[in-house]
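Colleague: So that you can map any letter, position 66 of the sequence shown is 66 in my numbering, and since no number is skipped, the others follow by simple counting. One structure follows; several queries about it will come next.
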Amino acid sequence: MGKKAQLSEIRVSILQTDLLWHAPAENRTQLSQKLATLKGQTDLIVLPEMFTSGFTIEPDTVSHLEIGSPTLNWMTEQAKQLNAALCGSTVFQSGNGFTNRLWFVTPEQSVHHYDKVHLFRMGGENERYQAGNERCIVEYRGWKLLLTICYDLRFPVFCRNRQNEYDVMVCVANWPSARRLPWRTLLTARAIENQSYVVGVNRIGKDGRDWHYSGDSLAVDYFGRTVIDYPENTPFLETTLFSRNDLDTFRDKFPTWMDADDFTLSLNPSRSF
Numbered sequence: 001m002g003k004k005a006q007l008s009e010i011r012v013s014i015l016q017t018d019l020l021w022h023a024p025a026e027n028r029t030q031l032s033q034k035l036a037t038l039k040g041q042t043d044l045i046v047l048p049e050m051f052t053s054g055f056t057i058e059p060d061t062v063s064h065l066e067i068g069s070p071t072l073n074w075m076t077e078q079a080k081q082l083n084a085a086l087c088g089s090t091v092f093q094s095g096n097g098f099t100n101r102l103w104f105v106t107p108e109q110s111v112h113h114y115d116k117v118h119l120f121r122m123g124g125e126n127e128r129y130q131a132g133n134e135r136c137i138v139e140y141r142g143w144k145l146l147l148t149i150c151y152d153l154r155f156p157v158f159c160r161n162r163q164n165e166y167d168v169m170v171c172v173a174n175w176p177s178a179r180r181l182p183w184r185t186l187l188t189a190r191a192i193e194n195q196s197y198v199v200g201v202n203r204i205g206k207d208g209r210d211w212h213y214s215g216d217s218l219a220v221d222y223f224g225r226t227v228i229d230y231p232e233n234t235p236f237l238e239t240t241l242f243s244r245n246d247l248d249t250f251r252d253k254f255p256t257w258m259d260a261d262d263f264t265l266s267l268n269p270s271r272s273f
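What follows is the structure, given as structure tokens:
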């Protein structure tokens, strides 16, 4: 394995930004400019949900702009150039339908994905997208990361960290400002109850449906302390350091996970994990 295959500390970067509506190419261009400063300075870059289009319920409008997978190609190129993994979701055409797909692309060109399980019915997402049917935990440079998208955050059983199966929970979002209090509260709650780091990345600005977003992207540690937090409506790019030793020490000294109830999570009658 390479020298950086196992990291006792991992550098995680959050990009909070406005997004252009239904404009994948333009969004990729502006993101490339923002990320250029991170070359060799981070291990993981987390982008918002649907970072090339904004949260849309018109997936067919966006999908024809993604023929040939230009966004996935862009992610693989950026990961290689920056020597860091990229994580963010896009509209993805799957068979005869669409999914809200979260990509995790490493500098070694390994590609993982998670299709959003909990579709936001209050925004019509469940009418235009197909739900995923499994969780995704990615192992990267010695760290295990649970991938989630926006509305997933409201479901603690889905996010449950059984027997310390993950170290970091990543949640990418387009979470409207009208519900910023639940967003901030739930990110902290997920960190505390699962004794893990949590990264929540949201957008700012206004989208094509006239929904407003305050950002409130956070990085939270296993004790519930915020380690990245900016005023609402603020664009920023910041990197923080997560410590394996600090995480393991806390889990050893306060092992609530040993007393957690066991259960089987079933997303549908034919599948459980």
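For glycine and all other residues, C-beta sits at the position ideal for the given N, C-alpha and C. The structure presented is a predicted model; accordingly, all values stated were derived computationally and were not measured.
So, with DSSP's three-state summary, where would you put phenylalanine 223?
Modeller: As a first step, residue 223 is located in the sequence shown; it is residue number 223 there, counting from the start. DSSP places phenylalanine 223 in coil when its eight states are reduced to three.
Colleague: Write down the C-beta distance between phenylalanine 55 and aspartate 207 rounded to the nearest angstrom, noting that I regard them as a contact closer than 8 Å.
Modeller: Taking the first residue of the sequence shown as 1, we reach residue 55 at position 55. Taking the first residue of the sequence shown as 1, we reach residue 207 at position 207. Contact holds; Cβ gap of about 6 Å.
Colleague: When DSSP labels each residue in this structure, what does tryptophan 183 get in the three-state scheme?
Modeller: Reading the sequence shown from its first residue, position 183 is the one you call residue 183. Correct three-state label for tryptophan 183: helix.
Colleague: Could you spell out where the alpha helix (DSSP H) holding glutamate 77 opens and where it closes?
Modeller: Reading the sequence shown from its first residue, position 77 is the one you call residue 77. It spans 70-82 - the alpha helix (DSSP H) in which glutamate 77 sits, taken as one unbroken run.
Colleague: At what residues does the beta strand (DSSP E) containing valine 117 begin and finish?
Modeller: Against the sequence shown, residue 117 aligns to sequence position 117. Valine 117 -> no beta strand (DSSP E), and no H or E assigned at all.
Colleague: Quick check on the DSSP output: what are the complete beta strand (DSSP E) runs of length 3 or more inside the stretch 10-63, in order along the chain?
Modeller: Entirely contained in the stretch 10-63, the beta strand (DSSP E) runs reaching 3 residues are, in chain order, 44-46.
Colleague: With burial defined as no fewer than 16 other Cβ atoms inside 10 Å of the residue's Cβ, what is the status of valine 172: buried or exposed?
Modeller: Reading the sequence shown from its first residue, position 172 is the one you call residue 172. That one is buried.
Colleague: Please name the residue in Ile204, Val46 and Leu247 whose C-alpha comes closest to that of alanine 178.
Modeller: Numbered from 1 along the sequence shown, position 178 holds the residue referred to as residue 178. Answer by Cα proximity: Ile204.
Colleague: For cysteine 159, report the span of its alpha helix (DSSP H) as first-last.
Modeller: Locating residue 159 in the sequence shown gives position 159, where the first residue counts as 1. First-last of the alpha helix (DSSP H) with cysteine 159: 156-159.
Colleague: When DSSP builds the beta bridges, which residues end up paired with asparagine 100?
Modeller: Within the sequence shown, numbered from 1, the residue matching residue 100 stands at position 100. Paired residues: Val91.
Colleague: With a 10 Å radius around its C-beta and 16 neighbouring C-beta atoms as the bar for buried, classify lysine 253 as buried or exposed.
Modeller: Residue numbering aside, residue 253 sits at position 253 when the sequence shown is read from its first letter. Exposed, since its Cβ has fewer than 16 Cβ neighbours within 10 Å.
Colleague: Can you tell me the Cβ-Cβ gap for tyrosine 115 and threonine 99, rounded? I've got them flagged as a contact below 8 Å.
Modeller: Position 115 of the sequence shown, counted from the start, is the residue given in the question as residue 115. Position 99 of the sequence shown, counted from the start, is the residue given in the question as residue 99. The amino acid at residue 115 is misidentified as tyrosine; the sequence shows aspartate. Contact holds; Cβ gap of about 4 Å.
Colleague: Below 8 Å, can you find three or more Cβ-Cβ pairs linking the stretch 218-226 to the stretch 191-198?
Modeller: Yes: the two stretches touch, three or more of their Cβ pairs being nearer than 8 Å.
Colleague: Excluding the 5 residues preceding and the 5 following threonine 17 in the sequence, name in chain order all residues of the same chain whose CB lies nearer than 6 Å to its CB.
Modeller: Within the sequence shown, the letter at position 17 stands for residue 17. Around threonine 17: Pro235.
Colleague: Keeping to the same chain, check which residues put their C-beta closer than 6 Å to that of leucine 65; ignore five residues upstream and five downstream.
Modeller: For this step, residue 65 is matched to residue 65 along the sequence shown. The answer, listed in chain order, is Pro24.
Colleague: To the nearest angstrom, how far is the alpha carbon of tryptophan 143 from that of phenylalanine 158?
Modeller: Here the question's residue 143 lines up with position 143 in the sequence shown. Here the question's residue 158 lines up with position 158 in the sequence shown. Roughly 20 Å between the two C-alpha positions.
Colleague: Count the other CB atoms, across all protein chains shown, that sit within 10 Å of the CB of serine 53; report buried if there are 16 or more and exposed otherwise.
Modeller: Counting from 1 along the sequence shown, the entry for residue 53 is found at position 53. So serine 53 counts as buried.
Colleague: When DSSP labels each residue in this structure, what does tyrosine 213 get in the three-state scheme?
Modeller: As a working mapping, residue 213 is identified with position 213 in the sequence shown. Three-state result, tyrosine 213: strand.
Colleague: Could you check which residue in Tyr129, Thr148, Gln81 and Cys136 has the C-alpha nearest to that of glutamate 49?
Modeller: As a first step, residue 49 is located in the sequence shown; it is residue number 49 there, counting from the start. The candidate whose alpha carbon is nearest that of glutamate 49 is Thr148.
Colleague: Which value, in whole angstroms, describes the spacing of the CA atoms of histidine 118 and leucine 82?
Modeller: Taking the first residue of the sequence shown as 1, we reach residue 118 at position 118. Taking the first residue of the sequence shown as 1, we reach residue 82 at position 82. Roughly 32 Å separates the two Cα atoms.
Colleague: For isoleucine 10 versus phenylalanine 242, is the C-beta distance shorter than 8 Å?
Modeller: The residue you call residue 10 lines up with position 10 of the sequence shown. The residue you call residue 242 lines up with position 242 of the sequence shown. A contact, by the Cβ cut-off of 8 Å.
Colleague: Measure how close the beta-carbons of arginine 162 and leucine 146 come, nearest whole angstrom, since I'm counting them as under 8 Å.
Modeller: Counting from 1 along the sequence shown, the entry for residue 162 is found at position 162. Counting from 1 along the sequence shown, the entry for residue 146 is found at position 146. That belief does not hold up - the Cβ atoms of arginine 162 and leucine 146 are roughly 11 Å apart, past 8 Å.
Colleague: Can you give the Cα-Cα distance for valine 168 and threonine 61, rounded to whole angstroms?
Modeller: Within the sequence shown, residue 168 is the residue found at index 168, counting from 1. Within the sequence shown, residue 61 is the residue found at index 61, counting from 1. Distance between the alpha carbons of valine 168 and threonine 61 is about 34 Å.
Colleague: So what's isoleucine 67 in DSSP terms, helix, strand or just coil?
Modeller: Here the question's residue 67 lines up with position 67 in the sequence shown. Coil, per DSSP.
Colleague: What does the Cβ neighbour count give for methionine 258, buried or exposed, with the cut at 16 atoms within 10 Å?
Modeller: Stepping through the sequence shown from its first residue, residue 258 is reached at position 258. With fewer than 16 Cβ atoms within 10 Å of its Cβ, methionine 258 is classed as exposed.
Colleague: Enumerate in chain order the residues of its own chain whose CB-to-CB distance from isoleucine 137 is below 8 Å, with the five nearest sequence positions on each side excluded.
Modeller: Stepping through the sequence shown from its first residue, residue 137 is reached at position 137. Cβ within range, chain order: Lys144, Leu145, Leu146, Leu147, Glu165 and Tyr166.
Colleague: Roughly how many angstroms separate the alpha carbons of arginine 101 and asparagine 133, rounded to a whole number?
Modeller: Start at 1 with the first residue of the sequence shown, and residue 101 comes out as number 101. Start at 1 with the first residue of the sequence shown, and residue 133 comes out as number 133. For arginine 101 and asparagine 133, the distance between alpha carbons rounds to 12 Å.
Colleague: Would you kindly report the start and end of the unbroken beta strand (DSSP E) that includes phenylalanine 236?
Modeller: Taking the first residue of the sequence shown as position 1, residue 236 is located at position 236. Where phenylalanine 236 is concerned, the enclosing beta strand (DSSP E) stretches over 236-243.
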